Amino acid sequence: MKKTVLCSALLAAFCLSAKAQAAPVQAVPSFAQEAEELARLPGGGWLTLDKHGLRLFDAAGQEQDRIAVRAKQLDTRLDGNQVLAVFLEADTQRPLPVTVDVQAGKLRKLPPFPVPTFSVEASCLYRDAQQLDHLFLIGKDGQAEQWVMQGEQRSLVRKLALPPHAKHCRVDDGAQRLLVSESNMGVWAYDAESEGVGKREVVALRKPYGQLDGGAGALAVLPGGVAVLDGKAEKLHLFAYQANKWTALPPQAVALNVRKGDSQLALDKDSMLLRGKNGWQARPLKWAGQAKAVPAVAIIAPQAQTAPMARQGDAADDPAIWLSRNPADARILGTNKKQGLLVYDLRGKQTQLLEVGRLNNVDVRQNIQLDGSKVDLAVATQRDDNSMMLFTINASGEVAEAGRFPTGLKSIYGMCLYQPASGGVEAFLNDKDGTFQQYKIEMSGLSGGKFSATLLRSFKVATQPEGCVADDANARLFLGEETRGIWTTSADAAKPDALTMVLPVGQHLTADVEGMAIYRKPGGAPNTGYLIVSSQGDSSYVVLDAQAPYKVRGRFTVGFNLPAGIDGTSETDGLDVTSANLGGAYAQGMLVIQDGYKRLPDGPQNFKYVAWGEVAKALGLE
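Add 689 to the 1-based position in the sequence shown for this note's numbering, that's all there is to it.
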């Protein structure tokens, strides 16, 4: 009786049969049958891993090169005619990367990774959007690490806690998804991107919780899905990722007749390669699933970073930039929500710590005319007592507490300063309930040079706000309603106007809407400038015109600077920018960004310094 092809009409995604029903499938050649793991190469050649080591064959079956080693856990990435392969040395479990020159028929060893500190059961490669190659190492007890490589550099990115008894893993680069096969339970999907806390999804579980008979075995990534060998190696299970969920297709019988966990999977163009007791089998494959690709966004490397916070967890929040007469002596003020106010130099070295309690947002204005003299001020929101705190900054960049004013707010949150053209300085404060207050800050010699704060007006948005920035030149206030978008209104308390939506959450902006700053080109007209906003939900930054019609100029993310040992940024709360020439990489200005998760390696939160010139170049800004 003729065996029919099993296909899902509903999903129209996959067909697999023991006998080809369409074009014949090229069988796995005899010289590759002894391989425990293998990969098909461009031009028809093969890379195999067997008891003799890593071996390179051309399309005719001629062995071209080999590396004699006892090894396991082969994974590869293609880049034209160059292939990166990584495997584990069996005795030491040290990961060994190799480049495969397909045209020359040569294998070249690269500097190895350090010997792991735990017993590795599974390893797999990941190539990120920055085109950096990462390696995941997973131990039997669930210990796991993510490493990144560039040239001869091998750096630990982060540590992870993954399922125990993981025998296999693979990464879908386009979807930035790490797939882990837990032998006695099932398959899990994790974020492969190191920034952010990540998430975990169930792909498949063993019966009675799911479709697998004996847990999960080997994996193979398919466009928009994954193939999973059953732990008993009698079935191949197919899963498509559709409409933001995993959908099981009808399983296919494979009858490999091997011991539990001994099977392997590989892909070869339109074929699925399966390894069992009698070697490798090739089965025809028709897969119509669509690969998911993360939208292309400019990636900017940071130039420097501050020393980590002295407190773990969600501590760093908002930065502000203070400029010195000597550009190299500029200072970065940063809040620590568990400690107080920190001050850094342009190298990221901490120069001051003011332990004044749980500060949230901070802003700076300079050369403020108050009571016949000029003063530089920083203002921050204090969450312990819902007050507004004032700090003076002297010519050397030294910060000192100068006043604390009650606000009557119940849960004070964000703030920003406004310097009217008429002189003086004002502060906008907000509450988690949506309330905004606008204060005028004054100083009187009659009261011994003490500061005072007078409430000018109050208004409210519907839901929780935080970030805001005042456009001093145009007397406009931009504010973020975290789940709805960016609004603007008059910054002049005597000339209030209705809130106008600038950019809603949607195509360009992902909730929460967080930090905001305005880049004013040196010598530029008042009606020019860019508004930079933290799109916290997708760890990106949106740049748009700071004047109507508020055209979006582009988006970018902050990635690795591996030579400097600096990771990217994620889940950013606050940011600040200046167009001042601070020298060197910051000749066109500097952007300072709070980083929600420090990597390379894991550590307390900090702030990253980005050269504005790199942002302008990437987005084609004037």
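All residues carry an ideal CB built from backbone N, CA and C; glycine is no exception.
Model, not experiment: these values are computed from the prediction.
**Study point:** Inter-stretch contact (C-beta, 8 Å, three-pair minimum) for the region 988 to 1000 and the region 1024 to 1039
**Key:** yes
Practice item. Would you identify the three-state DSSP class for Gly1302, choosing helix, strand or coil? Key: If you number the sequence shown from 1, residue 1302 lands on position 613. In the structure shown, Gly1302 sits in a helix (DSSP, three-state: H, G or I).
Review point. Start and end of the beta strand (DSSP E) containing Thr1070?
Key: Looking up residue 1070 in the sequence shown gives position 381. Residues Ser1062 to Gln1071.
Check your understanding: How far does the beta strand (DSSP E) with Glu1087 in it reach, from first residue to last?
Key -> Counted from its first residue, the sequence shown places residue 1087 at position 398. From DSSP, Glu1087 is part of no beta strand (DSSP E); its letter is neither H nor E.
Practice item. Would you list the residues sitting across from Asn1119 in a DSSP beta bridge? Key: Looking up residue 1119 in the sequence shown gives position 430. In DSSP, Asn1119 forms a bridge with Phe1125.
Point to revise | Of the listed residues Gln842, Ser870, Val717 and Gly1204, nearest to Ser1229 (C-alpha basis) | key: Taking the sequence shown and counting its residues from 1, the one referred to as residue 1229 is at position 540. The shortest Cα separation from Ser1229 among Gln842, Ser870, Val717 and Gly1204 belongs to Gly1204.
Practice item. Could you tell me whether the region 811 to 822 touches the region 791 to 798, using the rule of 3 or more Cβ pairs below 8 Å? Key: Output reads no: the region 791 to 798 does not touch the region 811 to 822.
Review point. In chain order, what residues of the same chain have a beta carbon less than 7 Å from the beta carbon of Leu974, not counting five sequence neighbours either side?
Key: Counted from its first residue, the sequence shown places residue 974 at position 285. Beyond the five residues adjoining it in sequence on each side, Leu974 comes within less than 7 Å, by CB distance, of Leu705, Asp959, Ser960 and Met961 in the same chain, given in chain order.
**Study point:** Length of the line joining the Cα atoms of Ala1019 and Ala1116
**Key:** For the purposes of this step, residue 1019 is identified with residue 330 of the sequence shown, where counting begins at 1. For the purposes of this step, residue 1116 is identified with residue 427 of the sequence shown, where counting begins at 1. Their Cα atoms are separated by approximately 23 Å.
Practice item. Name the residue from Cys813, Lys921, Asp1234 and Val1232 whose alpha carbon lies nearest to the alpha carbon of Trp836. Key: As a working mapping, residue 836 is identified with position 147 in the sequence shown. Per the Cα distances, Cys813.
Point to revise | As assigned by DSSP and simplified to three states, the class of Ser960 | key: Locating residue 960 in the sequence shown gives position 271, where the first residue counts as 1. It is a strand residue.
Practice item. May I ask you to list the residues that DSSP assigns as paired with Gln722? Key: The sequence position of residue 722 within the sequence shown is 33, counting from 1. None, per the DSSP bridge assignment.
Review point. Which of helix, strand or coil does DSSP assign to Asp1018?
Key: In the sequence shown, the residue the question calls residue 1018 occupies position 329. Asp1018 falls in the helix class under three-state DSSP.
Exercise for review: Assign Ser1111 to one of two classes, buried (16 or more other C-beta atoms within 10 Å of its C-beta) or exposed (fewer than that).
Suggested key: In the sequence shown, the residue the question calls residue 1111 occupies position 422. With a threshold of 16 other beta carbon atoms within 10 Å, Ser1111 falls short and is exposed.
Check your understanding: Looking at C-beta atoms only, is the number of pairs between the region 1097 to 1110 and the region 1072 to 1083 that lie closer than 8 Å three or more?
Key -> yes
Check your understanding: From Arg1047, Glu1303, Glu1311 and Gly1309, pick the residue whose C-alpha is nearest to that of Ile989; which is it?
Key -> The count along the sequence shown starts at 1 and reaches residue 989 at position 300. Out of Arg1047, Glu1303, Glu1311 and Gly1309, Glu1303 has the C-alpha closest to the C-alpha of Ile989.
Review point. Does DSSP put Gln1225 in a helix, a strand or coil?
Key: Along the sequence shown, one-based indexing puts residue 1225 at 536. Reduced to three states, the DSSP call for Gln1225 is helix.
Exercise for review: Can you check the region 880 to 947 for any alpha helix (DSSP H) of at least 4 residues that lies completely inside it and give the ranges in chain order?
Suggested key: none
**Study point:** Contact set for Gly968: own chain, Cβ-Cβ below 6 Å, skip 5 residues either direction
**Key:** Counted from its first residue, the sequence shown places residue 968 at position 279. Result list for Gly968: Gln722, in chain order.
Point to revise | Bridge partner(s) assigned by DSSP for Val748 | key: Locating residue 748 in the sequence shown gives position 59, where the first residue counts as 1. First, the amino acid is wrong: residue 748 is Ala here, not Val. For Ala748, which the question treats as bridged, DSSP gives no partner whatsoever.
Point to revise | Given Val891 as reference, the closest of Leu925, Glu923 and Leu851 once Cα atoms are compared | key: By one-based count along the sequence shown, residue 891 stands at place 202. It is Leu851 whose Cα lies nearest to the Cα of Val891.
Review point. Quick check: the region 1239 to 1248 against the region 1209 to 1218, are there 3 or more CB pairs under 8 Å?
Key: no
**Study point:** Asp768, enclosing beta strand (DSSP E) - first and last residue
**Key:** Residue 768 sits at position 79 when you count from the first residue of the sequence shown. Start and end: Ala760 to Asp768.
Practice item. Output the boundary residues of the beta strand (DSSP E) element that contains Phe1148. Key: Translated into the one-based positions of the sequence shown, residue 1148 becomes position 459. Here the beta strand (DSSP E) through Phe1148 covers Lys1139 to Lys1149.
Check your understanding: Quick check: the region 778 to 796 against the region 745 to 752, are there 3 or more CB pairs under 8 Å?
Key -> Judged by Cβ distances under 8 Å, the region 778 to 796 makes contact with the region 745 to 752, as three or more pairs qualify.
**Study point:** C-alpha gap between Arg895 and Asp830, whole angstroms
**Key:** Locating residue 895 in the sequence shown gives position 206, counting from the first residue. Locating residue 830 in the sequence shown gives position 141, counting from the first residue. Straight-line spacing of the CA atoms in Arg895 and Asp830 works out to 20 Å.
**Study point:** Spatial distance of Ile1255 from Glu923 (CA atoms)
**Key:** Here residue 1255 refers to the residue found at position 566 of the sequence shown. Here residue 923 refers to the residue found at position 234 of the sequence shown. Straight-line Cα distance between these residues: approximately 46 Å.
**Study point:** Close-in-space but distant-in-sequence residues of the same chain around Asn1250 (CB under 6 Å, 5 per side omitted)
**Key:** For the purposes of this step, residue 1250 is taken as residue 561 along the sequence shown, with counting starting at 1. Excluding sequence neighbours, Asn1250 sits near Ala990 and Pro991.
Point to revise | Beta-carbon proximity of Gly906 to Ser870, cut-off 8 Å | key: As a position in the sequence shown, residue 906 is number 217, starting the count at 1. As a position in the sequence shown, residue 870 is number 181, starting the count at 1. In this structure, Ser870 lies closer than 8 Å to Gly906 by Cβ.
Review point. In chain order, what residues of the same chain lie with their CB nearer than 8 Å to the CB of Gln1153, ignoring the 5 residues before and after it?
Key: For the purposes of this step, residue 1153 is taken as residue 464 along the sequence shown, with counting starting at 1. Counting only Cβ-Cβ distances below 8 Å, and skipping sequence neighbours, we find Tyr1102, Lys1121, Asp1122, Gly1123, Glu1170, Glu1171 and Thr1172.
Review point. Is Cys696 helix, strand or coil when you go by DSSP?
Key: Along the sequence shown, read from residue 1 onward, the residue named residue 696 stands at position 7. Model confidence at Cys696 stands at a pLDDT of 36, short of 50, so the residue's coordinates are unreliable and nothing is read from them.
Point to revise | Beta-carbon proximity of Ile1130 to Val1114, cut-off 8 Å | key: What you label residue 1130 is simply residue 441 of the sequence shown in a count that begins at 1. What you label residue 1114 is simply residue 425 of the sequence shown in a count that begins at 1. Yes.
**Study point:** Which listed residue (Leu1118, Leu925 and Ser1013) has its alpha carbon closest to that of Gln1126
**Key:** The count along the sequence shown starts at 1 and reaches residue 1126 at position 437. Ranking the options by Cα distance to Gln1126, first place goes to Leu1118.
Check your understanding: Are Gly1086 and Trp1011 close, meaning C-beta to C-beta below 8 Å?
Key -> The residue labelled residue 1086 in the question sits at position 397 within the sequence shown. The residue labelled residue 1011 in the question sits at position 322 within the sequence shown. Cβ atoms of Gly1086 and Trp1011: closer than 8 Å.
Check your understanding: According to DSSP, is Gly1257 helix, strand or coil?
Key -> The sequence position of residue 1257 within the sequence shown is 568, counting from 1. Coil.
Point to revise | Boundaries (first-last residue) of the beta strand (DSSP E) holding Asp1074 | key: Residue numbering aside, residue 1074 sits at position 385 when the sequence shown is read from its first letter. DSSP places Asp1074 outside any beta strand (DSSP E), giving it a letter other than H or E.
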